[in-house]
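My numbering puts the first residue of the sequence shown at 368, with every later residue one more than the last. In what follows, a single structure is set out as structure tokens and then discussed.
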Amino acid sequence: MIRGRERFLTQMYVITDFIVVQLAFLLAWLFRFIIFPEANAGALPFQTYFFWSIIYGFIAIMIGYVLGIYIPKRKKKFAFEMIKVFQIHVFSMFMLLSLLFLFKVVDLSRYLLIFYFVFNVLLVIFYRLFVKISLRTMRRKGFNKQFILVVGAGELGRKYYDNLMRNPEFGFQVIGFLDDFVKEFDCTNKKYGNILGTIDQLPEILEDKLVDEVVIALPIRVHKKYREIVVACEKAGVRTSIIPDFYNILPATPHFDSLGDIPLINVRDVPLDDAQKRLFKRLFDIVFSICAILVTSPIMLLIVLGIKITSPGPIIFKQERVGLNRRTFQMYKFRSMKHMPESESNTQWTTADDPRKTKFGAFLRKTSLDELPQFFNVLKGDMSVVGPRPERPYFVDQFKEDVPKYMIKHHVRPGITGWAQVCGLRGDTSIKDRIVHDIFYIENWTFLFDIKIIFKTIVNGFVNKNAY
Numbered sequence: 368m369i370r371g372r373e374r375f376l377t378q379m380y381v382i383t384d385f386i387v388v389q390l391a392f393l394l395a396w397l398f399r400f401i402i403f404p405e406a407n408a409g410a411l412p413f414q415t416y417f418f419w420s421i422i423y424g425f426i427a428i429m430i431g432y433v434l435g436i437y438i439p440k441r442k443k444k445f446a447f448e449m450i451k452v453f454q455i456h457v458f459s460m461f462m463l464l465s466l467l468f469l470f471k472v473v474d475l476s477r478y479l480l481i482f483y484f485v486f487n488v489l490l491v492i493f494y495r496l497f498v499k500i501s502l503r504t505m506r507r508k509g510f511n512k513q514f515i516l517v518v519g520a521g522e523l524g525r526k527y528y529d530n531l532m533r534n535p536e537f538g539f540q541v542i543g544f545l546d547d548f549v550k551e552f553d554c555t556n557k558k559y560g561n562i563l564g565t566i567d568q569l570p571e572i573l574e575d576k577l578v579d580e581v582v583i584a585l586p587i588r589v590h591k592k593y594r595e596i597v598v599a600c601e602k603a604g605v606r607t608s609i610i611p612d613f614y615n616i617l618p619a620t621p622h623f624d625s626l627g628d629i630p631l632i633n634v635r636d637v638p639l640d641d642a643q644k645r646l647f648k649r650l651f652d653i654v655f656s657i658c659a660i661l662v663t664s665p666i667m668l669l670i671v672l673g674i675k676i677t678s679p680g681p682i683i684f685k686q687e688r689v690g691l692n693r694r695t696f697q698m699y700k701f702r703s704m705k706h707m708p709e710s711e712s713n714t715q716w717t718t719a720d721d722p723r724k725t726k727f728g729a730f731l732r733k734t735s736l737d738e739l740p741q742f743f744n745v746l747k748g749d750m751s752v753v754g755p756r757p758e759r760p761y762f763v764d765q766f767k768e769d770v771p772k773y774m775i776k777h778h779v780r781p782g783i784t785g786w787a788q789v790c791g792l793r794g795d796t797s798i799k800d801r802i803v804h805d806i807f808y809i810e811n812w813t814f815l816f817d818i819k820i821i822f823k824t825i826v827n828g829f830v831n832k833n834a835y
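This is the structure in structure tokens:
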């Protein structure tokens, strides 16, 4: 049984990470100089490469501590670990290259460094995934358990219990409840276990029973009891967690801030508020858009000719949309409808048999090729490759009154494609469902999530039955 050995597991992770880094070096050496040998004259000796691999191993562990990968992750998804591993080895490689430049070591094989980086990321991710799956399997079988005491046997405490029962891989077991008012569960609620006593009996119960964590699930009206509960737990050396009675208005991962010595809970935590993440996404948008424009330029040229031949009017259709922080911008599209006054195009919803569409325009809209000029919007900074779709001000004013949380979508840049779109929510589909998907994307953004959406956009194709 490994219960209560998080510190031991952390130490094992540090040692194993270092060993895996050296294994990645051996594989990189094997691939570069044995399996794919080239002219190796003048190549540095094995000892020199191995010395820098040792340095790299210490750098990776140091950055791992800084980025928080060596903390208990029982409650976190594996995607968190994957992102951290990738970040660690990107930063470690930059630091290694900086040291090599500083010490004027310029003869290292670039191919070996590429192999080294790839093997490091893959091997560390795979072995950590294996450990994660093994621990979850053990927990399902009853090993590696952590024992939880829930203070509060009301609706909040029972919801917490039900959540744990749906996720046995976390390895938590509720040993009982404390409550001042609920003396026992009725026959229909036997699944919740025992009421061990009242809240005042907490110190005695912590002394008598093995408890790893106390979870406070009390209504906000009795918040004065929180302090004595926390004090009793800290005196016994037991961790304490609090479930806010208002959790249903908080995001899945609330962000804590402070104003002086007053703690604040940000009701809507947006990962892209972080400057580093925002910069990384912006750099990706610029590179991806430039590549997309270069690749699709022959197609765009044919579309320009097709529009000119089939209907009079401008090639590019500009329309005002609402973007980041509720600021408006001009979104570009290839014109797919007959030329009309701006007031008319800004206030009419497109329908399946819209008479305003040209024949060539109907093809462009069905295949989403009319949206290719939006990559120029991305380069300007008005849009992102991935994000919630922007809407016209006329409809935004309507939706914000009728759809709860509609305006949250403007916390990030709008996108050419998005989570709602790849889930089939385009055209004349539920606005409420779209907002649910948009908010999920905003609160759970990661670079890998963006890649997943782009991949699904490409795999599913650009033709959509709701695109008209």
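Note that CB positions come from ideal geometry on N, CA and C, so glycine has one too.
For the region 722-749, the full-length alpha helix (DSSP H) segments reaching 4 residues or more read 726-734, 741-747 along the chain.
Rounded to the nearest whole angstrom, the CA to CA distance from Leu646 to Phe445 is 24 angstroms.
Classified as buried, Thr784 has 16 or more neighbouring CB atoms from the shown chains inside 10 Å of its CB. In this structure, Ile572 lies near Leu516, with their beta-carbon atoms less than 8 angstroms apart.
In the structure shown, Pro638 adopts helical secondary structure according to DSSP, grouped into three states. Rounded to the nearest angstrom, the gap between the Cα atoms of Leu479 and Leu397 is 9 angstroms. Look at the beta carbons and you see the region 816-825 not touching the region 460-469: under three pairs across the two are nearer than 8 angstroms. The three-state reading of DSSP puts Asp764 in helix, counting H, G and I together. Boundaries of the beta strand (DSSP E) around Gly564: 562-564. A Cβ-Cβ contact shorter than 8 angstroms links Leu523 with Ala584. Residue state for Arg533 is assigned as helix, using DSSP reduced to three classes.
Every unbroken stretch of the alpha helix (DSSP H) spanning 4 or more residues and falling wholly within the region 565-610 is given here in chain order: 569-575, 591-603.
Cβ neighbours of Ile609 within its own chain (closer than 6 angstroms, five residues either side excluded): Ile583. For the 8 angstroms CB-CB criterion, Ile660 and Val671 do not form a contact. Nearest neighbour of Gly424 by Cα position, chosen from Arg477, Phe484, Ile666, turns out to be Phe484.
For the pair Lys700 and Phe684, the CB atoms are nearer than the 8 angstroms cut-off. Shown here, Ile670 sits in a helix according to DSSP, grouped into three states. Counting only runs of at least 4 residues, the region 770-802 fully encloses the following alpha helix (DSSP H) elements, listed from N- to C-terminal order: 786-789.
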